[in-house]
Amino acid sequence: MFFADYHTHSNFSSDSQTPMEQNIQHAIKLGLKEIAVTDHIDFDYPDLDYPFMFDYADYRKQVDYLKEKYSNQIKIIIGVEIGLQPHVYPLILNLVKSNYYDFIIGSTHCVNKLDLCNDIFFDGKTKHDAYVNYFNDVLGNIKNCPVFNVYGHIDFINRYGNYIDKTMNYEEFAFITDEILKALIEKGKGIEINTSGFRYGLGHTHPQLPLVKRYKQLGGEIITVGSDAHVSSDITRDFETAYKMLKSAGFNFITTFQNQKPSFVKINI
Numbered sequence: 024m025f026f027a028d029y030h031t032h033s034n035f036s037s038d039s040q041t042p043m044e045q046n047i048q049h050a051i052k053l054g055l056k057e058i059a060v061t062d063h064i065d066f067d068y069p070d071l072d073y074p075f076m077f078d079y080a081d082y083r084k085q086v087d088y089l090k091e092k093y094s095n096q097i098k099i100i101i102g103v104e105i106g107l108q109p110h111v112y113p114l115i116l117n118l119v120k121s122n123y124y125d126f127i128i129g130s131t132h133c134v135n136k137l138d139l140c141n142d143i144f145f146d147g148k149t150k151h152d153a154y155v156n157y158f159n160d161v162l163g164n165i166k167n168c169p170v171f172n173v174y175g176h177i178d179f180i181n182r183y184g185n186y187i188d189k190t191m192n193y194e195e196f197a198f199i200t201d202e203i204l205k206a207l208i209e210k211g212k213g214i215e216i217n218t219s220g221f222r223y224g225l226g227h228t229h230p231q232l233p234l235v236k237r238y239k240q241l242g243g244e245i246i247t248v249g250s251d252a253h254v255s256s257d258i259t260r261d262f263e264t265a266y267k268m269l270k271s272a273g274f275n276f277i278t279t280f281q282n283q284k285p286s287f288v289k290i291n292i
């Protein structure tokens with residue numbers, strides 16, 4: 024039923040203990056045709072306990088080994104999830120220039136050099152101001168460092184903060200989210216449907232249906248689906264809900280990548 028998971032993490036990411044091969048084996052068991060390995064690289068990540076860096080040569084060696092070993096069972100896409108911050112743009116540009124990736128997710132994990140997981144970012148800010156601050160950062164990353172293929176969990180700011188009501192009213196933020204979606208489309212970039220919101224108890228994907236519909240209305244076509252799994256058992260978790268949401272938003276295809284070139288696969292559900 025599900026074709027591919029385009030957002031997975033292994034023990035090459037600081038926040039995962041899962042061997043990459045275990046993820047591949049589980050994906051085969053699930054019947055996937057493709058899986059993208061997208062481990063974290065976040066230059067100058069503020070939490071020193073999570074450096075979010077790995078050696079590319081070791082990473083490539085492991086991916087190539089698994090590609091060959093499981094070549095008759097699944098297609099393995101070498102990818103990366105890059106944390107975008109303005110002050111490290113030169114490092115990011117050098118990374119993607121120096122190394123081969125089939126697929127790149129660009130994400131905002133930090134704003135103003137502050138980790139969004141840390142409530143310090145939200146101190147003294149209303150929910151509206153915090154969310155706008157985040158979305159402005161996303162827009163700046165798209166305009167100034169468009170080295171990615173899709174933007175990851177684009178509205179996940181509502182995962183964090185101590186606000187009693189974390190609900191995101193998209194009409195309230197349309198003035199900035201429309202600019203984000205238009206910038207992505209103009210630059211030939213896409214978004215992902217990230218199902219991790221369900222595992223965080225939010226009851227929805229990132230982004231939610233209103234933003235996905237708006238992306239479609241504005242002419243967006245490139246869209247991947249990823250679990251953001253850090254353990255094998257989360258691979259494709261809640262994909263049925265994600266696929267149905269895509270269909271309801273008017274999408275009949277998901278996107279896959281090879282050598283950063285998109286292809287489109289019909290949604291079968």
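Using the numbering used here, you'd call the opening residue of the sequence shown number 24 and step up by one each time. Glycine residues also receive a C-beta, built at the ideal position from the N, C-alpha and C atoms. Since the model is a prediction, treat every value here as computed from it, not as a measurement.
Item                                                                                                                                                              : Value
Which word fits residue 252, buried or exposed, when buried means at least 16 other C-beta atoms lie within 10 angstroms of its C-beta?                           : buried
What residue range is occupied by the uninterrupted beta strand (DSSP E) comprising residue 246?                                                                  : 246-249
Using CA coordinates, which residue listed in 119, 103, 116 and 51 is at the minimum distance from residue 95?                                                    : 51
Of the residues 157, 79, 105 and 148, which one's Cα is nearest the Cα of residue 123?                                                                            : 79
Run through DSSP, which three-state label would residue 203 get?                                                                                                  : helix
When DSSP builds the beta bridges, which residues end up paired with residue 140?                                                                                 : None; residue 140 has no bridge partner.
Name the DSSP beta bridge partners of residue 59, please?                                                                                                         : 100
Within 10 angstroms of the Cβ of residue 36, are there 16 or more other Cβ atoms? Answer buried if so, exposed if not.                                            : buried
Residues in its own chain within less than 7 Å of residue 74 by CB, not counting five upstream and five downstream?                                               : 37 and 68
Quick check on this structure: which residue in 244, 258, 161 and 205 has the alpha carbon closest to the alpha carbon of residue 217?                            : 258
Is residue 32 helix, strand or coil by DSSP?                                                                                                                      : coil
Please list the segments of the alpha helix (DSSP H) lying wholly inside the stretch 152-209, counting only runs of 4 or more residues, in order along the chain. : 193-209
Output yes or no for whether 8 Å exceeds the beta carbon distance between residue 175 and residue 101.                                                            : no
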